[in-house]
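Asks: With our numbering applied, the first sequence corresponds to residues 1 to 628, in that order. Below is one structure. I have some questions about it.
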Amino acid sequence: MSELSNALQTRYRSDVCGSLRASDAGRVVRLAGWIHRRRDHGSLVFIDLRDRYGIVQVVVDAAVAPEAHAALTDARIEWVISVEGGVALRRAGTENEKLPTGAVEVAGTKVEVLSRAKTPPFYINEPDAPIDESVRLKHRYLDLRREPLRDRLLLRSQMVQAIREVHHAHGFVEVETPILIKSTPEGARDFIVPSRLQPGSVYALPQSPQQMKQLLMVAGFDRYFQIARCFRDEDLRGDRQPEFTQLDLEMSFVDEGGVRSFVEQMVINVTKRTRPDRPIQQLPFPVFTYDEALERYGSDKPDLRYGLELIDLGAALPATTGFKVFDAPRASGGRVRAIRVPGLGGIARSQIDDLTERAKRYGADGIVWISLQEDGEVRSPIAKFLSAEATTALWSATGGTTVAAGGDLLLIVAGERVRSAEVLGRLRVEVAGEIGLADPDILAFCWVHRFPMYQWESESGRWDATHNPFSAPVPEHRDLLTTSSGDLARRSAGDPAGGALAQQYDVVLNGWELGGGSIRIHDRELLERSFALMGHSLDDARAKFGALLDAFEYGAPPHGGIAIGVERWAALLAGQTNIREVMAFPKTQSGSDLMLEAPSEPDPSQWSDLGLSVRRPTGGVTGAKKDA
RNA sequence: GGACCCGUGGUGUAGCGGCCCAACAUGCCAGCCUGUCACGCUGGAGAUCGCCGGUUCGAAUCCGGUCGGGUCCGCCA
């Protein structure tokens, strides 16, 4: 710490504001910082001086230092000043226990104004004051002065430092890959950068360094990582920005267990170093297959901080119930699933309606509910369809007839196997949030793996890839790919290749997907087959991924890796649900930077340099804001 | 592409057809104050209620559109 203190010394300051302690009493120091608060008592003025290390009280007495006193009488909040003075223990009874520096104060003798400040548009000295986010974004440099955002960026910096240290300690090589690359569709839309030297051609910004890192494996780098900026031109959400940062890593000569074991140790290490105060729920991380996660939690990113698991009611119900809402889906291979919510037996009708509406939005036909009161009374709109025996069977299937205070509520969704689980999985998360089941301090990590390679899309009536084409199938399913011939998109729902599982794994934290990766295909023939199954022609695949395919003919090691969303991880460690809260300069939901006012129209000459012109939407009085 | 919520002095809110050329808190400005720490006290300034149009005798308030922000669905690993 004293080494750091020395490093922070400059001609403007001998110490930083947050560092002074009782042991510094008697020293003469020079400080520089922002005026956080001022308390003017006439001929005695107190200033709280702030820098990013903390706050210290400066007191100036007109009788002792008239010039300094005059300067501080003029000074205002957020002015930047430097102060020289002696560190003194505060008078008995005037210590401030809320400040780490609260035992001392600096008796200012010289004050120099380094920079004046306008009155800020919002409170910088009140960390909890709510402020409209657009105002914060417009003056982001002021928001960043405030304690919450400052602390989150400091946390993120520590995380990145820890990430680098762990990787270097394990033999990883940090390599930077280009930002201007070739458009290689990975699912999301590319951001495109027109080329001036080759008019009509474009670069694309990377959605991730996926191909580059695999090429680095072919190059023999063995273990690579990068804190990589990625770009995806899709609609924004609280957990999605058009540009974001991934911890991208790739390893050669490993299997899935090898990657997961390193990543898990790295994640634990970084988490414990940066948030030692937050308990990790379970070590080692629990591992679920995709199927298991879906069946038990209705999600491929389960929040494990609470139970509320999905229950398949099939076994508890007679083969036909006479209730078509249950019978019809079951006849076509669907499921009847439930979650049992303790204590919600007295839920209001309007809240049920609200849940039903949400379930419909997520793709269910509706919800069936049954409530069991403490006194054993059963209430449900479908009571008339179910015998007393059937109802009892349902309750025992979901955990018996012992009910929590307030009664229990059974929420039932019937439908197609995956859809019914996903709908209920969403309700599980929402209900848990609403009744406060999730402990906000706990960090519940897990792995989900063995994802299906392809998913049958019933609407479009075709198979669709669930991830990128580079992921290898699990060894026992390799034949499903090689024996299958041709375009999976034209194959039927029952095609065996559709059942292939991938060596794909996601890290999940508190219900958020932190990252995902896979063991890659490192065989040209198999990779071409994988593309073919996804409907790419051979020419198409070679045009888009030619370099990788070629590279695999020159000796490619078995390899695999993962990419972890740095902002999501940081947000979760910071206790935030929005990644904008861990980004210095985020964009709005419509992709604007309110501070820089980007995007903006370029100078017309920039279009012509690129050989481009723009067709504006017609009827466009709207778009023409600043015409000449 | 779609659904919903929000927009009132610098900031956060109240007001939801006339009582409002708009209220409260805080901030800001001025004066006073030698032990405060969200200092205190006294006084003052500051808003065409996002914008455009409509309904009405009358609109911050109701309606339509539009712009901006947010949440979500679709989209996106």
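Quick reminder that beta carbons are idealized off the backbone N, C-alpha and C, glycines included.
(1) Looking at the secondary structure, which residues open and close the beta strand (DSSP E) in which A71 lies?
(2) From this set, R146, K110, A331, which residue's C-alpha is nearest E126's C-alpha?
(3) Suppose you measure from the CA of L533 to the CA of A541; what does that come to, to the nearest Å?
(4) I need the boundaries of the alpha helix (DSSP H) containing D539, first residue and last residue.
(5) DSSP beta-bridge partners for A32?
(6) Can you tell me whether F288 is buried or exposed, with buried defined as 16 or more other CB within 10 angstroms of its CB?
(7) Under the three-state reduction of DSSP, which class applies to K98: helix, strand or coil?
(8) In whole angstroms, give me the CA-to-CA distance for T356 and A404.
(9) According to DSSP, is L294 part of a helix, a strand, or is it coil?
(10) Looking only at C-alpha atoms, which of T392, A71, L249, T402 sits nearest to R520?
(11) Applying the criterion that 16 or more other CB atoms from any shown protein chain within 10 Å of the CB defines a buried residue, is K213 buried or exposed?
(12) Which residue wins for smallest C-alpha separation from K235, given the options E243, S420, C446?
(13) Could you name the residues of the same chain whose beta carbon sits closer than 7 Å to that of R273, not counting the 5 residues immediately before and after it, in chain order?
(14) Return helix, strand or coil for P475, following the three-state DSSP convention.
(15) Buried or exposed: which applies to A717, given that a residue is buried once 16 or more other Cβ atoms fall within 10 Å of its Cβ?
(16) Would DSSP call F288 helix, strand or coil?
(17) Using DSSP bridges, identify the partner residues of L409.
(18) I need the DSSP call for Y306, collapsed to helix, strand or coil.
(19) Hey, how far is the Cα of P440 from the Cα of R156?
(20) Hey, how far is the Cα of R116 from the Cα of C17?
(21) Check E176 in the structure and name its three-state DSSP category.
(22) Quick one: is K587 buried, meaning 16 or more other Cβ sit within 10 Å of its Cβ, or exposed?
(23) My guess is that V448 and Y505 are in contact by the Cβ rule of under 8 Å, so how many angstroms apart are they, rounded?
(24) Compute the distance between the beta-carbons of A556 and V218, then report whether it is under 8 Å.
(25) Starting from the Cα of D511, find the closest Cα among E457, R568, P469, E476 and give me that residue.
(26) Please classify P469: is it buried, with 16 or more other beta-carbons within 10 angstroms of its beta-carbon, or exposed?
Replies: Let's see:
(1) Segment 66 to 74 is the alpha helix (DSSP H) holding A71; no beta strand (DSSP E) there.
(2) When C-alpha distances from E126 are compared across R146, K110, A331, the shortest belongs to R146.
(3) For L533 and A541, the distance between alpha carbons rounds to 11 Å.
(4) DSSP places D539 inside the alpha helix (DSSP H), whose first and last residues are 538 to 551.
(5) Under DSSP, A32 shares a beta bridge with S82.
(6) So F288 ends up on the buried side.
(7) The answer is coil: DSSP assigns K98 none of H, G, I, E or B.
(8) Between T356 and A404, the C-alpha separation is close to 23 Å.
(9) Helix.
(10) Among T392, A71, L249, T402, the Cα nearest to that of R520 belongs to L249.
(11) Counting Cβ neighbours within 10 Å, K213 comes out buried, since at least 16 surround it.
(12) The displayed chain sequence assigns Asp, not Lys, to residue 235. Shortest Cα-Cα distance from D235 to any of E243, S420, C446 involves E243.
(13) Closer than 7 Å at Cβ, skipping near neighbours: A162.
(14) Helix, per DSSP.
(15) Within the shown structure, residues of the chain are numbered from 1 to 628, placing residue 717 beyond reach of any answer.
(16) Judged by DSSP in its simplified three-state form, F288 adopts strand.
(17) Assignment of beta-bridge partners to L409 by DSSP yields V341, S371.
(18) Assignment of Y306 by DSSP, reduced to helix, strand and coil, places it in the coil class.
(19) Straight-line measurement puts the Cα of R156 at about 19 Å from the Cα of P440.
(20) A straight line joining the alpha-carbon of R116 with that of C17 spans about 19 Å.
(21) In this structure, E176 counts as coil in the three-state DSSP scheme.
(22) Under this definition K587 is a buried residue.
(23) Contact between V448 and Y505 holds, since their C-beta atoms are separated by about 7 Å, short of 8 Å.
(24) With contacts defined by Cβ atoms closer than 8 Å, A556 and V218 form a contacting pair.
(25) This sequence places Gly at residue 511; Asp is not what is there. Nearest option by C-alpha distance: R568.
(26) Burial call: buried.
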